[in-house]
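Numbered according to the numbering used here, the sequence shown spans residues 6 to 157.
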Amino acid sequence: MSTSVLHYIAQMFSREPHWHGALGELAADPVALAEVLLLFRMVLADGVIRPSQLCAFEQVCQQQFGLKAEDMEQLHSLLDSPQGQSSEAEAFSLIRQLDTDKRSALLGEMMRIARANAEFDASEEKLIRRMADLLELEPASLTRFETKKDEP
Numbered sequence: 006m007s008t009s010v011l012h013y014i015a016q017m018f019s020r021e022p023h024w025h026g027a028l029g030e031l032a033a034d035p036v037a038l039a040e041v042l043l044l045f046r047m048v049l050a051d052g053v054i055r056p057s058q059l060c061a062f063e064q065v066c067q068q069q070f071g072l073k074a075e076d077m078e079q080l081h082s083l084l085d086s087p088q089g090q091s092s093e094a095e096a097f098s099l100i101r102q103l104d105t106d107k108r109s110a111l112l113g114e115m116m117r118i119a120r121a122n123a124e125f126d127a128s129e130e131k132l133i134r135r136m137a138d139l140l141e142l143e144p145a146s147l148t149r150f151e152t153k154k155d156e157p
């Protein structure tokens with residue numbers, strides 16, 4: 006029996022899932038995984054998972070992290086896994102490693118997700134403002150995105 010067959014069988018019985026392709030790269034990058042976790046928090050901000058916001062989240066993941074539509078189910082499993090949970094606990098310290106432009110872009114993507122449905126409610130606005138503070142972004146960064154709310 007070849008080593009690769011044994012390795013495959015061992016993976017099947019392993020308790021930890023094995024991610025492949027862009028999802029594997031995301032799982033191996035704690036900073037990128039922390040970004041995705043923060044983006045997903047925006048979907049959950051008002052306590053209701055709205056299809057429009059979930060779709061916007063998935064589009065951001067495809068555009069920014071190279072994931073494919075067929076990766077989304079496994080992405081949600083990754084976010085819910087022990088690996089995802091441990092990254093969430095460290096998310097802000099990991100995100101602070103990014104430069105200001107990347108943190109601002111992350112905040113912009115969070116606002117894109119929040120605005121995906123017709124309403125931008127108080128809980129979403131509160132989370133955006135809190136995230137701006139935790140991401141150590143100046144209020145001017147937040148204002149720049151607020152002015153885009155009427156744009157398509």
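No residue lacks a Cβ here, since even glycine has one placed at the ideal position from N, Cα and C.
The C-alpha of residue 95 lies about 10 Å from the C-alpha of residue 101.
Proximity of the segment 69-78 to the segment 124-134 falls short of the contact definition, fewer than three beta-carbon pairs being nearer than 8 Å. Here residue 53 carries a coil assignment [DSSP, helix/strand/coil].
Judged by beta-carbon spacing, residue 122 lies within the 8 Å limit of residue 55, meaning their Cβ atoms are closer than that value. Distance check between residue 86 and each of 112, 103, 126 and 42 places 42 closest, using alpha-carbon atoms only. Residue environment for residue 63: buried (at least 16 other C-beta atoms within 10 angstroms of its C-beta).
Look at residue 73 here: in three-state DSSP terms it is coil, with no helix or strand label. For residue 128, the enclosing alpha helix (DSSP H) covers residues 127-139. If you draw a straight line from the Cα of residue 38 to the Cα of residue 142, it is about 20 Å long. Straight across, the Cα-Cα distance linking residue 36 with residue 24 is about 17 Å.
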